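Working notes, structure below.
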Amino acid sequence: MHTAHTSRPAPAPRQAYPCSDDHYPASIGATPAPDRPTSFRAAYDELVAPQAERQQASHRSLALVRRALEAVAGTADDLPASPDGLADWMAASAHRATDAYQAYLAERKAGAPRRFFTNRTHALHFLQAVAPTKLVDGAWLHGCLRYARDPRMAGLAQTYLEELGNGDETKNHVLLYRELLRSHGLSEGQHLADAYFEQGALQLALGHTTEQMLPEVIGFNLGYEQLPLHLLITAYELNELGLDPYYFTLHITVDNADSGHARKAVDAVALNAPRYPDAERYWQRVRRGYRLNDLGLGTNAVIGGFDIDAEVLRIFAAKSVAGAGAHSDYCRIEGRTVNEWLSDPALVGGFVQALVRKGWIVQGGDPAQSRFWQLLVGDRAEMFGVFSDYELQAIFDWMRGAASADGLKYDAPRVPAGARARSFRAEQRLRALRGERASLDAVPEPTVGQLAPGAHWTAEGLDATRQLVASMRAG
Ligand SMILES: [Fe+2]
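Residue numbers (the numbering used here): 22 to 496.
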């Protein structure tokens, strides 16, 4: 992007920043609040739309950011007293995270259970729950792009471009996350409660308010781009459960404190300080922006909030809407037909209990022994295809209870008792040995040919189909 301008000074930005640090405090409450979106999700949907009208989006965003700043006004943070201490602070917090990670690894080596994910469903549920935030990764810096040729802003704009993979589809963070969701049968999270959209809506809003909220954007970025312990543990445990940790490991490397996003975030604080005549006031605004990272549901809250009973009930209740009326009436369970049980989502909890009482679902054992599970999977299962991969995994882990800690995939060949699921990297190495590869490359022409309508039903066609399906599942 800078290639044409490397030998001459960057042109001044056309749009000036408000340099009075009175701008933000004076404006709180001074302008009538615009119509509030009814929810974080409504704001998120409005602000993420590429066709969002700029003026209205910035109006909405300002209101949202102001309310968020009020919410964190009285909270504490761990930043140094003055920006001079930022480089040391960054180094110290990165050290704390890596030291704590080494202690975690030692604990695990000594036999401690996973700290975050009790089973595979727990991990997939986490990936789903943070999807609204991950799918707008980098959004808070979007507005900085306009000033990419301003040396004070170039680092922030470059960070944004790196979130986009500089145009490389295998490195675009949002595309990587979309692919991760898709390969596990997860959705974009439209069923999630409103609180899951708060952080994403806020990040989008910051991207629309660069001119008014630059110190806050810089402060927010400072917090978001540091290396947290939870990122390291998440990557480790995802891999252990056979799930691709690349999205998370990528962030461990790009956010590094030496030259990465963390460093650029610290530099942006100093580079932009001279715009604001009151240095202390500027620093306080940066700090408050930093604290916006605490809003919404963080990693630890999402992980701690997982309840497999509630998640399985949610899955059954959502499915009951489609299933009511789809069953024949010849089978009655505790006096009600299946269609009657499914006619009201409120009955679903009772229905599941009845299935357990009647022995259709046997909890704590191998699901293969349960009649209900046999209806869901297998070649001639009556309900084959009704549940997504993720939903089947949740039902599988729920039926197995504590035994699900081994991370077994619901459709994996049964491993001997006590054996562990294969890690993602081990699985990948095995695939490489077998000559299979998982990538975002175009499907090779010969494969496309083998899957043509006149060929796919032959032995070669079926073989090529299985290979393609396996490589797509591998993500
Ligand atoms: Fe990212």
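Glycine residues also receive a C-beta, built at the ideal position from the N, C-alpha and C atoms. Just so it is clear, the structure is predicted and the values come from calculations on it, not from any experiment.
Between Ala415 and Val333, the beta carbon gap of about 6 Å places them in contact (Cβ cut-off 8 Å). Per DSSP, the unbroken alpha helix (DSSP H) holding Ala144 starts and ends at 141 to 150. Only residues of its own chain outside the window of five on either side were considered, and among them Arg335, Ala339 have a CB closer than 8 Å to the CB of His212, listed in chain order. With a threshold of 16 other beta carbon atoms within 10 Å, Ser103 falls short and is exposed. Going by beta carbons, Pro388 and Arg421 fall inside the 9 Å limit. If you compare the alpha carbons of Lys430, His116, Glu466, Phe408 with that of Leu248, the shortest gap goes to His116.
By the beta-carbon neighbour count (other beta carbons within 10 angstroms, threshold 16), Asn260 is buried. Spanning the alpha carbons of Gln471 and Trp478 requires a straight line of approximately 9 Å. The DSSP-derived three-state label of Ile354 is strand. In terms of CA proximity to Phe269, Glu246 leads the group Gly317, Glu246, Gly206. By the Cβ-count criterion, Lys130 is exposed, with fewer than 16 other Cβ atoms from all chains shown falling within 10 Å of its own Cβ. Comparing alpha carbon positions, the residue from Glu481, Ala426, Arg487 closest to Thr139 is Ala426. At least one heavy atom of ligand 1 sits closer than 8 Å to the Cβ of Gly159. Contact between Gly310 and Pro236 holds, with the beta-carbon distance rounding to 6 Å and staying under 8 Å.
Given a length threshold of 4 residues, each whole run of the alpha helix (DSSP H) inside the segment 272 to 319 is given here in chain order: 282 to 293, 300 to 312. Under the 8 Å Cβ criterion, the segment 315 to 325 counts as touching the segment 213 to 233, having at least three qualifying pairs. Set against 8 Å, the gap from the CB of His194 to the closest heavy atom of ligand 1 is smaller. The beta carbon of His272 sits closer than 8 Å to at least one heavy atom of ligand 1. Rounded to whole angstroms, Phe327 and Leu207 show a C-alpha spacing of 16 Å.
The C-alpha of Val157 is placed about 27 Å away from the C-alpha of Gln305. The beta carbon of Trp394 sits closer than 8 Å to those of Ile382, Pro388, Ile416, Phe417, Met420, all from its chain and outside the five residues before and after it, given in chain order. Inter-residue distance for Glu412 and His205 is about 10 Å (C-alpha atoms, whole angstroms). A heavy atom of ligand 1 is found nearer than 8 Å to the CB of Glu184.
The three-state secondary structure of Glu190, taken from DSSP, is coil.
For the set Arg135, Leu197, Ala169, the Cα lying nearest the Cα of Leu148 is the one of Leu197. Contact between Val307 and Ile239 holds, since their C-beta atoms are separated by about 6 Å, short of 8 Å. When the alpha-carbon of Pro465 is set against those of Phe445, Ser364, Ala480, Leu489, the nearest one is in Leu489.
Secondary structure at Ser425: helix, using DSSP grouped into helix, strand and coil.
In terms of Cβ geometry, Ala160 and Val86 do not form a close pair [threshold 9 Å]. In the three-state DSSP reduction, Thr96 falls in the coil class, being neither helix nor strand.
In terms of Cα proximity to Asn314, the closest of Pro71, Leu100, Arg75, Thr59 is Leu100.
The alpha-carbon separation between Ser79 and Gly210 amounts to approximately 25 Å.
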